[in-house]
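Read the structure below first, then the notes.
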Amino acid sequence: MNPKKLKQLKKRVKKQAGAPYIQQLMKYRDLFKDDPQILVLINNVLESDRLLAAGLAPQQLPVLEIPDDFQDHLFERINQQYAMGDPAGDAAWNQLSAALPKVDQLLRNFRDYIEDQYGMWAYISAPFLKDLADFIGSAPVLEVMAGNGYISKGLKRLHPGQPIYTTDSKDWTHETGNQTGRHPVTTIEALDAVSAFNKYAATIKYVIMAWSPDKLTIDWDLLQAMRQSPYDIPLIVIGEKYGATGSKQFWDHANYQDNEAVTKLNAHFRPFDLIHDHVYVIR
5 MNPKKLKQLK KRVKKQAGAP YIQQLMKYRD LFKDDPQILV LINNVLESDR
55 LLAAGLAPQQ LPVLEIPDDF QDHLFERINQ QYAMGDPAGD AAWNQLSAAL
105 PKVDQLLRNF RDYIEDQYGM WAYISAPFLK DLADFIGSAP VLEVMAGNGY
155 ISKGLKRLHP GQPIYTTDSK DWTHETGNQT GRHPVTTIEA LDAVSAFNKY
205 AATIKYVIMA WSPDKLTIDW DLLQAMRQSP YDIPLIVIGE KYGATGSKQF
255 WDHANYQDNE AVTKLNAHFR PFDLIHDHVY VIR
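In the working numbering, the protein residues as written are 5 to 287.
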């Protein structure tokens with residue numbers, strides 16, 4: 005991802021003025037109560053927030069963008085609702101059309117909101133967790149760079165008793181305002197990715213890595229360590245190739261698996277904003 009695009013994505017939520025993010029969305033949900041195209045988007049975000057606040061995996065999201073033709077639908081609805089020349093119709097149109105850019109911005113800001121509020125960078129939905137659990141079965145798993153541990157917690161719910169080693173260097177906790185690692189949802193061992201792999205390589209069948217930090221070579225260091233080990237262990241990666249995650253060295257040298265099982269892993273992992281992350285299986 006080019007620096008300009010990433011900068012635009014990362015400055016969004018903190019630039020929002022007025023009431024907190026969720027309160028603003030609830031206000032616009034009431035305002036657009038007669039417009040299902042907007043309601044469904046806002047309600048998806050509010051439900052995801054409710055589940056995350058309860059410590060549960062959220063649902064899959066639609067693309068959080070207002071349709072290009074929505075303003076035409078809005079104009080048509082208001083014309084049908086109010087008589088020609090009715091000042092109430094003009095007032096409704098002015099209020100709703102003026103609110104549209106604000107709603108659109110809030111929807112596009114959802115990823116930044118969950119990063120700031122929950123320390124969740126890769127959006128880990130319940131349907132995706134089920135696909136991931138089906139892929140790995142009950143085999144022992146190592147999660148590196150686990151952040152707050154959403155993936156590990158989700159897998160433990162689906163396969164109680166499965167050996168899951170959840171690790172993170174916890175360097176994020178030193179960054180002011182960053183919630184990653186500050187509110188873990190499961191027990192997390194303080195190990196960097198390479199140290200974690202070296203410790204558990206003999207006992208695991210898969211390694212999971214979600215959203216390795218952009219431009220840092222931690223992912224490439226891990227992949228080299230895995231290739232140098234005597235164990236043939238697949239690396240399940242969630243990230244945006246040559247984009248918002250990981251290093252160029254890693255994406256350049258990864259050997260990507262392409263089969264039906266990998267396709268199924270992505271069945272419920274779909275972009276909902278400008279980030280186009282994906283699930284890869286790499287050796």
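Glycine included, C-beta positions come from ideal geometry on N, C-alpha and C. A quick note: this is a predicted structure, and the numbers were derived from the prediction, not measured.
- Distance from the CA of D38 to the CA of E69, rounded to the nearest whole angstrom, comes to 18 Å.
- Residue pairing from DSSP leaves T207 without any beta-bridge partner.
- DSSP, reduced to helix, strand and coil, places M213 within a strand of the structure shown.
- Of the other Cβ atoms in all chains shown, fewer than 16 fall within 10 Å of the Cβ of P234; this residue is therefore exposed.
- Look at V283 here: in three-state DSSP terms it is strand.
- For P71, the number of other beta carbons within 10 angstroms of its own is below 16, and it is reported as exposed.
- The region 42-101 contains no complete beta strand (DSSP E) run of 3 or more residues.
- Here V145 carries a strand assignment [DSSP, helix/strand/coil].
- Distance from the Cα of L104 is smallest, within the candidate group H187, H163 and Y32, for Y32.
- For the pair of segments examined, the region 111-119 was found not to touch the region 133-145: the number of CB pairs separated by less than 8 Å stays below three.
- Around the Cβ of S101, a 10 Å sphere holds fewer than 16 other Cβ atoms; the residue is exposed.
- Judged by beta-carbon spacing, S129 lies within the 9 Å limit of F273, meaning their Cβ atoms are closer than that value.
- Straight-line spacing of the CA atoms in K268 and A96 works out to 45 Å.
- Under DSSP, the beta-bridge partners assigned to I168 are V145.
- DSSP, read as helix, strand or coil, puts G123 in coil.
- Counting the other Cβ atoms within 10 Å of the Cβ of E244 gives 16 or more, which makes it buried.
- Here A150 is not bridged, per DSSP, to any residue.
- T191 counts as exposed, since fewer than 16 other beta carbons sit within 10 angstroms of its beta carbon.
- Here DSSP, grouped into helix, strand and coil, assigns A194 to strand.
- Membership of L220 in any alpha helix (DSSP H) is not indicated, and neither H nor E is assigned to it by DSSP.
- The Cβ atoms of L226 and V148 sit closer than 9 Å to each other.
- Looking at A61, L50 and I208, the one whose alpha-carbon comes closest to that of L110 is L50.
- For V241, the uninterrupted beta strand (DSSP E) run begins and ends at L239 to G243, by DSSP.
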